[in-house]
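Residue numbers (full-length UniProt numbering): 1 to 804.
Quick reminder that beta carbons are idealized off the backbone N, C-alpha and C, glycines included.
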Amino acid sequence: MNFGYFDDEKREYVITRPDTPAPWANYLGSPEYGALISNNAGGYSFARSGANGRILRYIFNQFDQPGRYIYLRDNESKDYWSASWQPVGKDLESYKSECHHGTAYTKMLADYSGIHSEVCYYVPLNQTYEVWHLKVTNASACERNLTITGYAEFTNNNNYEQDQVNLQYSQFITSTVFETNRIRHIIHGNLDWVKEGEEVDNKLAISRFFALTGAPVDSYCGDKESFLGRYHGYHNPVGVENGKLSGEMCYNENGCGALAAQMLLKPGETKEIAFLVGMKEHEEAEAICNRYADVAAQCETELKELTGYWHEKLEHFQVHTPSREFDTMINTWNAYNCFMTFIWSRAASFFYCGLRNGYGYRDTVQDIQGVIHLAPEMALEKIRFMLSAQVDNGGGLPLVKFTHNAGHEDTPDDASYVQETGHPAYRADDALWLFPTVYKYIAESGNLAFIDEVIPFANKDEATVYEHLKRALAFSVNHLGPHGLPAGLYADWNDCLRLGKNGESSFVALQFYYAMTILKQFAAYKEDQAYMDYLEEEQKKLGTLINNLCWNEDRFIRGFTEAGEVIGKRTDPEANMWLNPQSWAVISGLATKQQAELSMENVRKRLNTEYGAILMDPPYHLHAFDGALAVIYNPGTKENAGIFSQSQGWLILAEALLGHGDQAFTYFMENAPSAQNDRAEIRKLEPYCYGQFTEGKDSPHFGRSHVHWLTGTASTVMVGCVEGILGMRPDFGGLRIAPSIPADWDQFTIEKDFRGKHLHIVVENPEHVQSGCKALYVNEEKMEDNYIPVEKMTDQTKVRLVMA
Ligand code: GLC
């Protein structure tokens, strides 16, 4: 069953049935002014922090209410409906609607009783307020007299928890006033004399506003109870039923913004108005409203600017393959998902409330990888930032605060850091993610000078990027376990594996091995022979160790417990087969061909399902060791044998690196949101974005997916597809093209910007192979193999690769 379709040209997902199995959301704005909106207008807004800057209220886990509601009322018949299907929820026989989620805007179209409405929600580019631009058209044959009411439910406190649970405080600090065209919602109004820096009990007066432009306000209400009416709900507010708002203002209890306008429409006539929301003081709110004197023109310009901004970013890499599901993800939705995770980290969604006031180290370093091919300059800025959050001992700060002050931060070794962030210790993998990320950035951009750029450490001192990487490696060297493999510490990639100082992680060992391969390239560039020799030697030793300790007949084990017991060996009653060590043995280059073929075959047999491969099998229940925290989850869920979406990206990459194009693509399709568009009743999650995980075969809800949008999956799948399947593998000197595609693809093309040049790439597959290059031509000149040295590239480079 589907609830909509992809409009690839407009880069929109169009929801044609509003009764989706879950709220299907979109991101507007940026965390400076963040807004989430569902296809039924549910969602919230905040300034800077989802937890501490909350403006519009949203009740989590409560069927997607409240939201940015616009009600339309026919003053003749007294019938009313909403511009989004909910909250009024008219019968879908008579109410037709579409929701168009686009790049940083969401449009709702509705047709009901001869009235067509279109509301476009967006945050203007680089602005810190939001716009609900409404067009109403009379599609009937007679004149219509409508009342249009906009409703914004303000939180009583910027802190969302105070708003939700500390009512004995937060209900007694709010008030609203009406000013010309808007409701002003004031928190701590009695402190209006207090200046910034002189807070009373850390509190200051703050204003929010909800304004109407494009039509005069006919009636208004600033009090939630008066607007809704007791024993009414969002679906039938008294204020809307009456066609006139009460004029009541809030003094204590719950404020809101409700503004109504009269709209007389001749047959065929269209009128436009806009509601505006923000956290602004009087003058600024006034200045913002004044921009909308000509609503239609202003909103049109802003929306153009916004789509222009996003589409330009996506244009840097566009692919055309025989698979629409693949193209729509790579060209628009996975790419946009990557930007959202890159920008928003894990800050705010319908599952993350914004309480995490910082960047998870590994999450963010991984997120960067998803945008490198689209916006290397944005990646660079974030890489610098993350390197500046590396401690001088080489480890990453588990949580990098939004207020990060490089050079002056405490570390997990300080009680103050632990108290402030709740992160008690280092993780084994954090800084190891820097290796592929920094490498990919330099290879894409050609910015080799970055290797010598000096960047501070989080706590003290500074060093070149090269030295930062050496320290990252040294961190692992200095945290080895009893067998000589990296200790698992507080966690590795898997937050549910607490292996401590004496337990050891094979995943980290493989990352460590891979890091050495990458660092050798940096050392070669630096002509640092002594260090190259050291790495060569150490990597050999490590490789032998991993092979001796971690290879178990047809699989790589997951590591060792603190007590020295093997995790993930064939004979374990539970969790005897794990996904990540198999894919990472390939990605890291450690696995021999034979090991790779065997273990990946084992993944197909043991872990793969129609929705992707589960993280391990069987789930933990009775045999979890201390530190195997996955046991806290229901079987088939999250790290306890769920289909952890992020790991699918590594699986795609691993199969692609092995030249198994068919299998790589199969893994892509199993878990790709777009490929499940017609199974929406099973997946439940938005068919245009990734979620953290899908319930595995041990769950009665096998195939149901969760925790939308903000997941490392976006970047790993992007890398798996672009670097793996499409085979775009830049290095310091140029671009290697090594596609690994389904044998039945005849050809595909790529439009790619690379180091200031544009590449038109055509890959032909006349012999229907899965991988391999017969010939590569650059501007008609035949290359030696499948590599394009950057010197061969011209402003418009024509590239033709023939597979065989
Ligand atoms: C979540 C975390 C991520 C972790 C993963 C596996 O997605 O955000 O950091 O690697 O779970 O535990």
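Cα-Cα separation between residue i and residue j, rounded to whole angstroms
i           : j    : result
E196        : L204 : 7 Å
D678        : Y611 : 13 Å
G229        : V238 : 5 Å
D495        : R471 : 23 Å
F754        : E225 : 57 Å
V123        : L485 : 49 Å
F644        : W709 : 14 Å
F209        : Q390 : 41 Å
Q419        : D410 : 11 Å
residue 826 : L657 : Absent from the structure is residue 826, since the part of the chain shown begins at 1 and ends at 804.
M249        : Y690 : 42 Å
E553        : Y33  : 53 Å
residue 828 : A641 : The requested residue 828 does not occur in the structure, where the chain is confined to residues 1 to 804.
L549        : M577 : 16 Å
D572        : H701 : 26 Å
S349        : A431 : 26 Å
Y5          : A675 : 11 Å
L590        : L510 : 7 Å
K541        : N126 : 52 Å
Residue nearest to residue i in terms of C-alpha spacing, selected from the options
i    : options                   : result
E9   : H320, L399, Y160 and Y112 : H320
N779 : D413, N786, T794 and V790 : T794
E179 : H232, L535, S207 and L499 : S207
K440 : G484, P398 and G370       : G370
W493 : C721, T713 and S705       : T713
C617 : S84, A563 and I557        : Reading off the sequence, residue 617 comes out as Asp, not Cys. Ranking the options by Cα distance to D617, first place goes to I557.
K244 : E253, C221 and H235       : C221
T106 : R68, K280 and D363        : R68
E253 : S170, A443 and L276       : S170
H116 : T128, A285 and W81        : W81
S49  : L355, F172 and V119       : L355
E12  : D223, W193 and W333       : W333
V790 : K757, V763 and I288       : K757
E601 : Y620, P573 and A664       : A664
R16  : R54, F60 and E98          : First, the amino acid is wrong: residue 16 is Thr here, not Arg. Nearest option by C-alpha distance: E98.
R324 : A672, L776, R683 and G727 : A672
Cross-strand partners of residue i (DSSP beta bridge)
i    : result
N145 : L264
A415 : In DSSP, A415 forms no bridge with anything.
P730 : L735
S97  : A110
S705 : T694
S740 : S771
R182 : E179 and A211
Endpoints, the beta strand (DSSP E) within which residue i is located
i    : result
T694 : G691 to T694
D74  : Y69 to D74
G589 : Run containing G589: none; DSSP gives neither H nor E here.
W493 : Looking at the DSSP string, W493 is not in any beta strand (DSSP E), and its letter there is neither H nor E.
Y787 : Y787 to P789
Y129 : Y129 to N138
G661 : Counting along the chain, G661 falls outside any beta strand (DSSP E), though it belongs to the alpha helix (DSSP H) covering G661 to N671.
P376 : Counting along the chain, P376 falls outside any beta strand (DSSP E), though it belongs to the alpha helix (DSSP H) covering P376 to L387.
L801 : Q796 to M803
Supposed contact pair residue j and residue i - C-beta distance, whole angstroms, cut 8 Å
i    : j    : result
V802 : P766 : 7 Å
V438 : E453 : No, V438 and E453 are not in contact; Cβ-Cβ is about 11 Å, not under 8 Å.
V769 : A743 : 6 Å
G278 : E130 : 7 Å
G446 : K401 : Not really, about 33 Å apart at Cβ, beyond 8 Å.
Element boundaries [alpha helix (DSSP H), containing residue i]
i    : result
H713 : This sequence places Thr at residue 713; His is not what is there. Taken as a continuous stretch (DSSP letters only), the alpha helix (DSSP H) holding T713 covers T713 to V719.
G649 : S645 to L657
W310 : V295 to E315
S226 : K224 to L228
A211 : Taken as a continuous stretch (DSSP letters only), A211 belongs to no alpha helix (DSSP H), being part of the beta strand (DSSP E) at I206 to T213.
G543 : Q529 to C550
I368 : Y361 to Q369
S38  : Taken as a continuous stretch (DSSP letters only), S38 belongs to no alpha helix (DSSP H), being part of the beta strand (DSSP E) at Y33 to S38.
V217 : Unbroken run through V217: none, as it is neither H nor E.
R683 : A680 to R683
H760 : It is not in any alpha helix (DSSP H) - H760 instead sits in the beta strand (DSSP E) that spans K757 to E764.
V477 : V465 to V477
K520 : S506 to Y525
T328 : R324 to T328
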